[in-house]
Ligand SMILES: NC(=O)c1ccc[n+]([C@@H]2O[C@H](COP(=O)([O-])OP(=O)(O)OC[C@H]3O[C@@H](n4cnc5c(N)ncnc54)[C@H](OP(=O)(O)O)[C@@H]3O)[C@@H](O)[C@H]2O)c1
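In our numbering, the protein residues as written are 135 to 517.
Listed below in structure tokens is the structure:
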């Protein structure tokens with residue numbers, strides 16, 4: 135029986151992970167779960183899965199969960215408790231599915247404890263890629279991507295990297311692939327969150343609409359597959375059936391295909407190197423014709439270009455754009471700024487931030503804090 139620690143259990147990835155667990159109760163035990171404020175949903179999860187630990191990072195939510203819990207689960211509170219469950223001796227696999235920079239420290243704790251990390255929290259790599267990858271190496275941890283594109287590339291590289299010339303991430307283009315730039319200014323949060331193919335949390339849905347999500351994925355791919363920006367490419371593919379491709383010097387291209395459902399990726403990370411039933415229907419290619427591909431429009435989706443720019447700058451620039459993006463998206467979701475302001479705020483934050491090469495998690499966190507403060511100030515000039 136594999137003991138699973140699920141960081142971000144109440145979220146979209148968390149719920150899909152539990153759906154896969156439900157199909158294999160003889161193979162996976164939910165050992166520990168975490169959420170931030172949603173204690174009501176955690177109460178239901180505790181009742182159903184009876185984990186050993188439940189962490190609420192928000193202290194008042196932890197108190198509420200403790201007051202109402204009726205099963206023998208130990209409730210822990212505060213962000214440091216995430217590290218306890220991520221590195222616990224009895225934890226075998228960690229699903230790192232907290233959204234945003236808040237997920238970084240616990241992913242790193244899992245790496246330092248030598249766990250299998252099923253990494254959905256791309257921010258761990260975007261902010262602290264060098265430190266994180268070094269920890270994975272030093273502590274013999276196992277890193278399996280939980281992003282459809284990176285899982286696709288990971289799967290395509292199972293035969294080896296000989297002759298590898300480039301990797302290509304597919305991007306659906308989100309809800310605005312064919313919307314003219316001039317119409318994007320008036321976009322509402324609900325329109326931005328209405329992704330045509332994937333059902334996801336609101337923050338990542340906005341990131342998909344701006345294509346910052348793809349930009350963060352390019353950075354994530356750089357670390358996961360140890361490739362420079364020039365060997366990473368993006369192609370628009372609105373049907374989200376080809377999840378990504380790998381190009382070789384002999385003219386061969388390998389792609390991974392499937393219905394757009396994160397349970398495929400999650401079940402692969404849970405069962406690797408084997409495969410188990412994920413509950414996802416087999417692909418019927420005749421239902422998805424024609425498959426379309428386009429070159430990305432870097433003018434309309436300027437966040438994608440900003441992410442490539444940050445990757446080329448390296449060091450703190452990647453954490454800076456991530457922090458600025460989180461602040462901008464939060465303000466957009468709260469109707470304080472417009473959709474197109476998101477990219478402008480990120481660009482200005484990058485310009486106004488000092489550039490350096492963080493050597494410790496403390497420096498990464500300091501940079502994140504400074505970039506957020508700069509971005510917040512810039513936001514004020516838009517509201
Ligand atoms: N959704 C997808 O299809 C998908 C695909 C690929 C990668 N990812 C990545 O996976 C991660 C999770 O995405 P998601 O869509 O599942 O997000 P989500 O639905 O918004 O869920 C986020 C989870 O993180 C918790 N959380 C939020 N803020 C926190 C904080 N400050 N401290 C600790 N926990 C916190 C939430 O708890 P509460 O419910 O209590 O707020 C929730 O459990 C992201 O990094 C995303 O980029 C997602």
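Virtual Cβ for every residue (Gly too), placed ideally from N, Cα, C.
As the structure is a computational prediction, the values presented were derived from the model and not from experiment.
Limits of the alpha helix (DSSP H) - the one that residue i falls within
i, result
"residue 503", "495-514"
"residue 126", "This structure does not reach residue 126, given that the chain is present from 135 up to 517, and the question cannot be answered."
"residue 196", "193-202"
"residue 471", "Where residue 471 is concerned, there is no enclosing alpha helix (DSSP H), given that its DSSP letter is neither H nor E."
"residue 147", "146-157"
"residue 242", "238-246"
Residue i (DSSP reduced to helix, strand or coil)
i, result
"residue 420", "helix"
"residue 489", "coil"
"residue 454", "helix"
"residue 223", "coil"
"residue 273", "coil"
"residue 80", "Outside the displayed range of the chain (135 to 517) lies residue 80, so it cannot be described from this structure."
"residue 207", "coil"
"residue 254", "coil"
"residue 104", "For the chain, the structure presents residues 135 to 517; residue 104 sits outside this window and is missing."
"residue 184", "coil"
"residue 438", "helix"
"residue 463", "helix"
Reference residue i; option with closest CA among the options
i, options, result
"residue 519", "184, 183, 171 and 312", "This structure cannot settle anything about residue 519, because the visible part of the chain is limited to 135 through 517."
"residue 217", "288, 341, 238 and 234", "238"
"residue 467", "395, 177, 328 and 241", "328"
"residue 182", "230, 401 and 156", "156"
"residue 465", "362, 198, 510 and 402", "510"
"residue 167", "174, 149, 175 and 142", "142"
"residue 367", "513, 252 and 284", "284"
"residue 398", "147, 445 and 140", "147"
Residue range of the beta strand (DSSP E) that includes residue i
i, result
"residue 169", "162-169"
"residue 428", "Careful: residue 428 lies outside any beta strand (DSSP E) and carries neither H nor E."
"residue 381", "376-382"
"residue 305", "298-305"
"residue 529", "Residue 529 lies beyond the stretch modelled for the chain, which goes from 135 to 517, so this question has no answer here."
Note to self: Is it the case that the segment 347-358 contacts the segment 260-275, given that we only count it when at least three CB pairs across the two stretches are under 8 angstroms?
What the structure shows: yes
Check: Should the segment 455-475 be called in touch with the segment 227-236, which here means at least 3 C-beta pairs below 8 angstroms?
Finding: yes
Item checked: the segment 299-314 touching the segment 399-406, judged by at least three CB pairs closer than 8 angstroms -> Inter-segment contact for the segment 299-314 and the segment 399-406 is absent: fewer than three beta-carbon pairs are separated by less than 8 angstroms.
Next item on the list: Mind the definition here: the segment 204-214 touches the segment 416-433 only if three or more C-beta pairs lie below 8 angstroms; say whether that holds.
Entry: Using a Cβ-Cβ distance cut-off of 8 angstroms, the segment 204-214 and the segment 416-433 are not in contact, since fewer than three pairs of beta carbons, one from each stretch, lie closer than that value.
Check: Counting pairs of beta carbons, one from the segment 474-489 and one from the segment 240-256, are three or more of them closer than 8 angstroms?
Finding: no
Notebook entry, point to check: When the Cβ atoms of the segment 409-421 are set against those of the segment 303-314, are three or more pairs found closer than 8 angstroms?
Noted result: no
Note to self: With three or more beta-carbon pairs closer than 8 angstroms as the criterion, would you say the segment 326-342 touches the segment 482-493?
What the structure shows: no
Note to self: Within 8 angstroms, do at least three Cβ pairs link the segment 340-349 to the segment 436-453?
What the structure shows: yes
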